[in-house]
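Asker:
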């Protein structure tokens, strides 16, 4: 695996929530992302999984520059992506792009496909009509659409086609990294396969790096190289996809995997809630049994990540 | 401006006969209307210069003098007689002994001194102060330089001596409702604004702000046998259309009519016999500012007068609810010249005059005007095509009524359309063209003519009323000829009344002010009035 | 988009008014101001004067046709000012948030609390009566509703994928507002503006009634109606035609606005007083 | 052989616009036995939700049944008088909807909304009904039912709200429970709990379930028999085991191949997912089923 | 709830202050003064000395900043100043008339509610039907007529032709006097409310929980009573509040037409004569009225809708 192109270090994002006092002055801080660290290598697909509210989307938005980190740094090819020397939107645009979850909300209904694709090119200094035309044509072919369809408006397309347009738009500036935000969860069953195949093809073809956000573990298993499991703003486990799916260590990861109703398992029995209270983790490094107490509502406040296998990290209670 | 039987027969065209002398009937309630706004500003009459409040003053208050519309001059009201010094400056008043305030206090000289000092009190800034200024020493008092008005001297309880600044007729000043006499024994002066106490025929009973004032018969009124009515409700009703409906619906007893309703009522057999009309002492017209170059030429000013078909506008737009003006002084003025012909409608002559003056292609000017239907923008609209025919382009400049007063008195206009008091005193009416009168006072067109000044100064000195009238008549004709204004009309005030109402009089000063103590209603009145 | 019966009725009425206004100089039989002839005043409708004549002897038909120009000007220009202020403040407030948004919201609340008729009255008192003043007065009064709609639309559009995408693609804030947000909230804004045109025409009539509307000799329906209210028994036609014109025009704008709203978003609620 | 609880025979249903009828369901027939969990699976627009609404008699105006019968306990629901149908709803046939967020009245306490069932169908007074509501909450394993009964929907998480919906649906021990994508809006771990709850409670009281979902895994977890719907047709029906192990219809096969399966990559490495479109373009394969409908092409909204 | 109330009330304070500032600034630059207004009716001779003296006396020749300081100081002491014309405290003039305004606004609102709610409901139950179209065109028509015109027509019909009702005024505050002005004023909010009710009920009828209610086996009547009415009310109540709050300000013309002694006619008259303290005071009271009603609506809203955060 090549050297990382994106590095996220000790990222914290807090939101202030207005309180209910007399003047609304007291503020509660919501710790949406709490000390997340990871890196993304060229050509790699890294997935962040977790349930709603776990901070996976906030992490992605911070990388895209749509959200300011409270603490921590993000760097892209060694250059800071945050802080006072952060790149402008224009500069960032050529590095990172995004494919959205909802194909219906992600396209401007007042712009034709051509407009949606040509405007970013013009914005980034490509003004020659012939070049714009050529790039749009190539891109539409890449995502499985025909150039004739470029003059249509989004409402003339189906969900799957819209998602293809969304992918085309994300790729038109030729970014290195693409953030995939639940790229198929809003799509119909029969379309999902096509989009997943397309994304995997494009990754190979254009040697893209994906940062995928998903709660659908079967899609994650299918697409990812590495997986990051988040729970209440913290990474509880990370590792290669085999490690996560074959030997999940953290109880939360196990619970997530167990909860997936699977056609093969026929009827999987969800774990008894009581068994969650105490889980004993074999730890090779310390040679002792470490007690991990995954709280149902909060991860333990005193905790740290330990490496239990090569590049396989698990959060344990450090008490 | 009070009372008394009238006729001014020439003016009361088609007026219904008011039966008097016999058949008077006691009791009942009169529903009177206050048409000038939708509230009474205050019940403290000394504080208000407005006709609206005068409608109440007429019921509750009395002043030293009152207006006699028969003789067309002020007469004594609260004094039984007066002695005038030979130089005409000092008047000694022998006050009525039977005049009693509503709070039971009999009228004494103290009350008059108290009232005049209150009106002139600089802290109050009452509008009536300028009337008190005719008394010697009043200006010093108003300016705060003297604790007393030196011209006011109490001789005894019922005798008062007043020294005036000159040999003037003080009646014009001291008959105003802003110079009404209040009792001197009321401790809390602010209560005048809510519970007025006066000498008038009716006692204040209730005020529903924004709605009405109710007054009740005063048993100890100083005039024997008066008043006839038990109650008067003076209801506020500013909107013409509403007043029309209410009047036809017999909810109110009198209604002041606008031009349109005048015409309608004249055509309505059920209403036409109960209209009371009078020529009022206001002159309406467009004042021309000599600051605008064309207006410096007398021929141009005359041309404007010739170019406008004034009688047609009066007839069609004002529905004859006005008298075409011949000059400045109105019909009812003692100095009015019946023989002087008005400007004829003669566009050809107007055109010729303009050419002569060097404006063959006309010119353009602005008329500042308020929305008033009888002397406002609609009139400008009517003259617009007429002046267009002689080449003059008129541009209406509409402003609010308040702003009109502001702009005219600060000489900020090319021309203005307004209604200006031109009586009852012809001398003060003609003062408006005296070159020494400030522009802001009343010489709005900055008129200056040595010939006029000579005539006016002579009239000022003249003590014989008829000779004075002759001088003023001459001066008036001079002004007409010079045409600093387009002379438009003198107002005709019209009041409709219900058939059961008797005793109304056509007062040339203000028709809406009626002698309440002489009004009575007969038995055909509906039950609600009994 | 499917439009209902109401929409088409409204569109027809509005189209009629627009045609009347545009074509007035050609189809009106007389001059609206200078054909005044007091000899002809208050004539009932006849072959020459189809709608009769007014107190000044002017043709009511002519003035009613020209009146459409004024009413349309009042409606359209005041709503343009309105929308411009409302959209600018609402969109920037909603987009940027923070103190600017607090300021915009605060100002909006103040403007909502001061009744529009009274505010217009105050502005007219300052500027003096007349068409330009009226346009400014009406333009300054009702933007708070537009502002609210623009702000809430912006807030919801801001989180839409394509707006986020535009940011990620490097668009500047201004460009995003103009190319991504503005075109997509034109629907509700248009509805507000259309309904606002109706109420502007009515406000003009109301202000004429207090004496602050369009001033003569301009043939505005509001002032025609106000002048004619005295004459309703004597010469009802002077009042009937401008009255009818106001009614049909406002009805047209309202139905058009309602119809637009129903087809744009059946659940968008009317809150404008 | 026992009598089926629900017997849908040749159901035709369409969108009536003026005189035209745009067919949405074509000749649907299936049966549910008492106590059986039956799954309907298909993509959005395949007609599975409309089928369930037709059973409930909750179709809205432009939708109308144009043929067939829905027999529930010997009675044809389509011809049942309105009043009878109303009595049946909630008491004999209950339903859970997809969005627990909006399916509950935000201005009423959940207790009241459960209690309404006892008022409507068991003639209880409000006091008794409320007590029963507490019991119902306890049965769906809501912690602190006495306190929670006074909560408003917005005070509950999605999972709890869906439990409340289940409590409402099962309040009167219906014979048939229709669950329309009951877990789609929930997180996976919550989904597992809710599914288990539905399974357990229905098994306990022998309630038959008509379970509608687009998620094959969920259907597999709950149902004994499955029907696959496609473009308004029921293209295949079989016991769950057989259907998943030996799908007959190419569409079913496509569906199964189109989605990555958990553990699939570990077993077989990354396999290219099946593109259903490429299978289904061969129209001849549709002839194997009774229902032949033109494939509704992507993008052409019906 | 208490804290919520207090907070909601405190939030209105900046609004009031800014409104006061705007009002002050506008009416400080208005041309014309109280003194020149005395000449407005064309019945009085101009007296430059009087004008100068009045301006001096009323403090109108002081610098703007000084006047504003006085104004704000007075406001801080809940003193609205003294009327130029009546020389009485402005607050007295307003309290004399606020009751009439309140009665008129309340009656108009009652009329609007009584007519609009059933109409809106009926229209919503049969959307697109002839009844719906007719109701809505009727409602919109009510909104399309100039108010004074409608008032005049009603006056001619009911007072003059039919002689059923008095045409004007407050009388002694009797109900009959109230009917015509209240109906005239109520027509516009009636039309808006009918539309809002229709939209609100439609909104509720299409919501999922109504489907749930039907799935429970509830009759239509019970669905209406138990679920639709209350939820629709939540949607309607904001409109009711905004309407009711702005009615006092809207009533200016109606009050003038029907000679109704409310603060609206006081305001118009005071503007005309430039009695600035009264103008400022009256507008401020109208603003406060609006804010008070809307605060009350928010509180009611919080009481019936549990989703509103309670302090």
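Chains as they are written, first to last, in our numbering: chain A, 807 to 1125; chain B, 10 to 539; chain C, 4 to 276; chain D, 1060 to 1361; chain E, 418 to 728. Cβ coordinates follow ideal geometry from the N, Cα and C atoms, glycine included. Since this is a predicted model, take the numbers as computed values, not measurements.
#1: Return the residues of the segment 630-652 of chain E that lie within a Cβ-Cβ distance of less than 8 Å from chain D, sorted by chain order.
#2: Report buried or exposed for residue 809 of chain A, applying the criterion of at least 16 other Cβ atoms within 10 angstroms of its Cβ.
#3: Looking at C-beta atoms only, is the number of pairs between the segment 844-863 of chain A and the segment 1018-1033 of chain A that lie closer than 8 Å three or more?
#4: In chain order, what residues of the segment 698-710 of chain E put their CB closer than 7 Å to some CB of chain B?
#5: So, helix, strand or coil for residue 1278 of chain D, using DSSP?
#6: Would you be able to state if there are at least three C-beta pairs under 8 Å between the segment 517-525 of chain B and the segment 283-293 of chain B?
#7: Using a Cβ cut-off of 7 Å, which residues of the segment 600-632 of chain E contact any Cβ in chain D, in chain order?
#8: Would you verify that the beta carbon of residue 598 of chain E is, or is not, closer than 8 Å to some beta carbon of chain B?
#9: Going straight from the alpha carbon of residue 327 of chain B to that of residue 380 of chain B, what length do you get?
#10: Beta carbon of residue 366 of chain B, beta carbon of residue 399 of chain B: below 8 Å?
#11: Using a Cβ-Cβ cutoff of less than 7 Å, which residues in the same chain neighbour residue 668 of chain E once the five nearest sequence positions on both sides are dropped?
#12: Would you decide whether residue 638 of chain E is buried or exposed? Buried here means 16 or more other CB atoms lie within 10 Å of its CB.
#13: Taking DSSP's pairing of strands, which residues face residue 231 of chain B in a bridge?
#14: Which chain E residues sit within Cβ distance under 7 Å of residue 132 of chain C?
#15: Name, please, each residue of chain E whose Cβ falls closer than 9 Å to the Cβ of residue 267 of chain C.
#16: What does a CB cutoff of less than 6 Å around residue 38 of chain B pick up in its chain, not counting 5 residues either side in sequence?
#17: Rounded to the nearest angstrom, what separates residue 1109 of chain A and residue 841 of chain A at their Cα positions?
#18: Beta carbons nearer than 9 Å to chain A: which residues of the segment 1263-1275 of chain D have them?
#19: Per DSSP, which residues does residue 242 of chain B bridge with? Please list them.
#20: Could you tell me whether the Cβ of residue 974 of chain A comes closer than 8 Å to any Cβ of chain F?
#21: Using DSSP with H/G/I as helix, E/B as strand and the rest coil, what is residue 245 of chain C?
#22: Closest Cβ-Cβ distance between residue 375 of chain B and chain C: below 8 Å?
#23: Residue 235 of chain C by DSSP, collapsed to three states: which one?
#24: Would you mind listing the alpha helix (DSSP H) stretches within the segment 848-900 of chain A that are 4+ residues and don't spill past its ends, in chain order?
#25: Could you check what DSSP says for residue 494 of chain B in three-state terms: helix, strand or coil?
#26: Mind pulling the chain E residues with CB within less than 7 Å of residue 412 of chain B?
#27: Tell me which residue opens and which closes the beta strand (DSSP E) that residue 1292 of chain D is part of.
#28: Since residue 81 of chain C contacts residue 141 of chain C with CB under 8 Å, what's their CB separation in whole angstroms?
#29: Mind checking if residue 139 of chain B is an interface residue toward chain E, Cβ cutoff 8 Å exclusive?
#30: Any C-beta of chain B sitting closer than 8 Å to the C-beta of residue 678 of chain E?
#31: Mind checking who residue 56 of chain C pairs with in its DSSP beta bridge?
#32: Where do the ends of the beta strand (DSSP E) carrying residue 1042 of chain A lie?
#33: Name the one or two DSSP bridge partners that residue 506 of chain E has.
#34: If you measure beta-carbon to beta-carbon, which residues of the segment 1104-1124 of chain D are closer than 8 Å to chain E?
#35: Would you call the segment 942-950 of chain A and the segment 884-901 of chain A touching, i.e. three or more CB-CB distances under 8 Å?
#36: Run through DSSP, which three-state label would residue 1097 of chain A get?
Answerer: The short version:
#1: 630, 631, 632, 633, 634, 635, 636, 639, 643, 644, 647, 648, 651
#2: Looking up residue 809 of chain A in the first chain gives position 3. Residue 809 of chain A is exposed by the Cβ-count criterion.
#3: yes
#4: none
#5: Position 219 of the fourth chain, counted from the first residue, corresponds to residue 1278 of chain D. Of the three classes helix, strand and coil, the one that applies to residue 1278 of chain D here is helix, per DSSP.
#6: yes
#7: 624, 625, 626, 628, 629, 631, 632
#8: One-based indexing of the fifth chain puts residue 598 of chain E at position 181. With 8 Å as the cut-off, residue 598 of chain E does not count as an interface residue toward chain B.
#9: Your numbering for residue 327 of chain B matches position 318 in the second chain. Your numbering for residue 380 of chain B matches position 371 in the second chain. Rounded to the nearest angstrom, the two C-alpha atoms are 14 Å apart.
#10: Position 357 of the second chain, counted from the first residue, corresponds to residue 366 of chain B. Position 390 of the second chain, counted from the first residue, corresponds to residue 399 of chain B. Contact flag unset, no.
#11: The residue labelled residue 668 of chain E in the question sits at position 251 within the fifth chain. Excluding sequence neighbours, residue 668 of chain E sits near 518, 521, 522, 602, 679, 681.
#12: The residue you call residue 638 of chain E lines up with position 221 of the fifth chain. By the 10 Å Cβ count, residue 638 of chain E comes out exposed.
#13: Counting from 1 along the second chain, the entry for residue 231 of chain B is found at position 222. Bridge partners of residue 231 of chain B: none, in fact.
#14: Within the third chain, the letter at position 129 stands for residue 132 of chain C. Within chain E, no residue comes near residue 132 of chain C; the closest Cβ sits about 12 Å away, beyond 7 Å.
#15: Residue numbering aside, residue 267 of chain C sits at position 264 when the third chain is read from its first letter. Simply none; closest approach about 13 Å.
#16: The residue you call residue 38 of chain B lines up with position 29 of the second chain. Around residue 38 of chain B: 240, 538.
#17: Within the first chain, the letter at position 303 stands for residue 1109 of chain A. Within the first chain, the letter at position 35 stands for residue 841 of chain A. Their Cα atoms are separated by approximately 11 Å.
#18: 1273, 1274, 1275
#19: What you label residue 242 of chain B is simply residue 233 of the second chain in a count that begins at 1. Residue 242 of chain B pairs with B:40, B:223.
#20: Absent from the structure is chain F; the protein chains it does hold are A, B, C, D and E.
#21: On the third chain, position 242 is the one that residue 245 of chain C refers to. Helix, per DSSP.
#22: Residue mapping note: residue 375 of chain B aligns to position 366 of the second chain, counting from 1. Output row for residue 375 of chain B: interface = no.
#23: On the third chain, position 232 is the one that residue 235 of chain C refers to. Coil, per DSSP.
#24: 862-870, 895-899
#25: Here residue 494 of chain B refers to the residue found at position 485 when the second chain is read from its first residue. Note: residue 494 of chain B maps to strand in three-state DSSP.
#26: Counting from one through the second chain, the residue named residue 412 of chain B turns up at place 403. Within 7 Å Cβ-Cβ: 448, 449.
#27: The residue given as residue 1292 of chain D occupies position 233 in the fourth chain. First-last of the beta strand (DSSP E) with residue 1292 of chain D: 1292-1298.
#28: The sequence position of residue 81 of chain C within the third chain is 78, counting from 1. The sequence position of residue 141 of chain C within the third chain is 138, counting from 1. The Cβ separation is near 4 Å, so the contact holds.
#29: As a working mapping, residue 139 of chain B is identified with position 130 in the second chain. Yes, residue 139 of chain B lies at the interface with chain E (some Cβ there is under 8 Å from its Cβ).
#30: Here residue 678 of chain E refers to the residue found at position 261 when the fifth chain is read from its first residue. At least one chain B Cβ lies under 8 Å of residue 678 of chain E.
#31: As a working mapping, residue 56 of chain C is identified with position 53 in the third chain. DSSP, once it has assigned bridges, lists C:62 as partnering residue 56 of chain C.
#32: By 1-based counting over the first chain, the position of residue 1042 of chain A is 236. Element bounds for residue 1042 of chain A: 1040-1046.
#33: Position 89 of the fifth chain, counting from 1, holds the residue named residue 506 of chain E. Residue 506 of chain E pairs with E:499.
#34: 1115, 1117
#35: no
#36: Stepping through the first chain from its first residue, residue 1097 of chain A is reached at position 291. Annotation note: pLDDT 49 at residue 1097 of chain A (below 50); position unreliable, coordinate value reported separately. DSSP places residue 1097 of chain A in strand when its eight states are reduced to three.
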